[in-house]
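Asker:
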Amino acid sequence: MHAMQYAITLPADYDMQIIRHRVKSRGHLLDDFAGLGLKAYGIRERGVDGSPVNQYAPFYLWADPEAMNRFLLGDGFRGVVRDFGRPVVQHWQGLFHRPGPAAGSLPRTFTRRTETLAEDADPATVLAHAVAGHEELATTDGVHTTALGFDPRLWELVHFTLWAHAAPESAGARYQVLHLSAPETGGLGTGRQW
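In structure tokens form, the structure reads like this:
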């Protein structure tokens, strides 16, 4: 299992309706993409929910790493590169995933927060503590899905949560969800470590 995100930062005066239209007309194309657990089509708008930028920044949970590669080398991502340039694609090994009490509803927002492990920290202890935090978060009202990923190259954790309502300010950077593709959500597991 892998978590993945790329962010396309747009000019301050960019008409975000262009992105909304793009997602409305193309978002369904991944609704049955084999190997994709879920894709949350996220945007941030300058001045909304504390965002300093306009940004298109979808977040993915992949049930199959080969599917992630197929997507990145396929026509859909070529369209992103053609229209916006090739973005840096961040990805993390999956540590934990669980649907929350609001998994049956459509999410309105997601949050993403990264955490770099301190040089003197014991990685196993930090990761165990982070997993326990997500186990508790997964029982919180309004949580659609929560996931935790790890990048050992940067010693970085990513905390990702989909919310059925407005996300709490303390949860990290907040994104509006324009569409959710979730063809293989069951393939992500039911809350065990990946």
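Using our numbering, the letters of the sequence shown correspond one by one to residues 69 to 262. All C-beta atoms in this analysis are idealised placements derived from N, C-alpha and C, irrespective of residue type, glycine included. The structure displayed is predicted, hence computed values, not measured ones.
(1) By Cβ distance below 6 Å, which residues in the same chain neighbour residue 160 in space, the five residues on each side in sequence not counted?
(2) Measure how close the beta-carbons of residue 124 and residue 174 come, nearest whole angstrom, since I'm counting them as under 8 Å.
(3) Can you list, in chain order, the residues of its chain with a C-beta nearer than 6 Å to that of residue 117? Leave out the 5 residues immediately preceding and following it.
(4) Quickly, what does DSSP pair residue 206 with across the bridge? List them, please.
(5) Can you list, in chain order, the residues of its chain whose CB lies under 8 Å from that of residue 138, leaving out five sequence neighbours each side?
(6) For my contact list, residue 168 and residue 214 are in at a C-beta cut-off of 8 Å; report their separation, rounded to the angstrom.
(7) With DSSP as the reference, label residue 233 as helix, strand or coil.
(8) Based on Cα-Cα distance, which residue from 144, 89, 135 and 92 lies nearest to residue 252?
(9) Please check the pair residue 195 and residue 165, which I expect to be a contact at CB under 8 Å, by giving their CB distance rounded to whole angstroms.
(10) When you measure from the CB of residue 130 to every non-hydrogen atom of the ligand ATP, does any distance come out below 7 Å?
(11) Give me, in chain order, the residues of the same chain whose beta-carbon lies closer than 8 Å to that of residue 92; leave out the 5 immediate sequence neighbours on both sides.
(12) Round the Cβ separation of residue 73 and residue 127 to the nearest angstrom and send it over; I've been treating them as touching at under 8 Å.
(13) List the DSSP bridge partners of residue 242.
(14) Within a Cβ cutoff of 8 Å, which residues of the same chain sit near residue 82, ignoring the five residues on either side of it in sequence?
(15) Would residue 89 be called buried (16 or more neighbouring beta carbons within 10 Å of its own) or exposed?
(16) Drop a sphere of 10 angstroms on the beta-carbon of residue 210, count the other beta-carbons inside from all chains shown, and report buried for 16 or more, exposed for fewer.
(17) Excluding sequence positions up to five away, which residues of its chain have a Cβ less than 7 Å from the Cβ of residue 233?
Answerer: With the given structure in hand:
(1) For the purposes of this step, residue 160 is identified with residue 92 of the sequence shown, where counting begins at 1. The answer, listed in chain order, is 71, 217, 218, 219 and 226.
(2) As a working note, residue 124 is residue 56 in the sequence shown. As a working note, residue 174 is residue 106 in the sequence shown. Actually they are not in contact, since the Cβ atoms of residue 124 and residue 174 sit about 19 Å apart, beyond 8 Å.
(3) For this step, residue 117 is matched to residue 49 along the sequence shown. Contacts found: 242.
(4) The residue labelled residue 206 in the question sits at position 138 within the sequence shown. Its beta-bridge partners do not exist; DSSP assigns none.
(5) Along the sequence shown, read from residue 1 onward, the residue named residue 138 stands at position 70. The residues are 103.
(6) As a first step, residue 168 must be located in the sequence shown, where it is residue number 100. As a first step, residue 214 must be located in the sequence shown, where it is residue number 146. Confirmed, Cβ separation roughly 6 Å.
(7) The sequence position of residue 233 within the sequence shown is 165, counting from 1. Looking at residue 233 - three-state DSSP - the assignment turns out to be coil, as it is neither helix nor strand.
(8) On the sequence shown, residue 252 is found 184 positions in, with the first residue counted as 1. Answer by Cα proximity: 135.
(9) The residue you call residue 195 lines up with position 127 of the sequence shown. The residue you call residue 165 lines up with position 97 of the sequence shown. So it is not a contact: roughly 14 Å between Cβ atoms.
(10) The ligand ATP is not among the ligands present in this structure, which contains no ligands whatsoever.
(11) In the sequence shown, counting from the first residue as 1, residue 92 sits at position 24. For residue 92, where only same-chain residues beyond five positions count, the Cβ hits under 8 Å are 246 and 247.
(12) Translated into positions along the sequence shown, residue 73 becomes position 5. Translated into positions along the sequence shown, residue 127 becomes position 59. 5 Å between Cβ atoms; contact.
(13) Taking the first residue of the sequence shown as position 1, residue 242 is located at position 174. 179, per the DSSP bridge assignment.
(14) Reading the sequence shown from its first residue, position 14 is the one you call residue 82. Excluding positions up to five away in sequence, the list reads 122.
(15) Position 21 of the sequence shown, counting from 1, holds the residue named residue 89. Exposed, by the Cβ-count rule.
(16) Stepping through the sequence shown from its first residue, residue 210 is reached at position 142. By the neighbour-count definition (other C-beta atoms within 10 Å, threshold 16), residue 210 is a buried residue.
(17) The sequence position of residue 233 within the sequence shown is 165, counting from 1. Only 176 and 210 meet the Cβ criterion.
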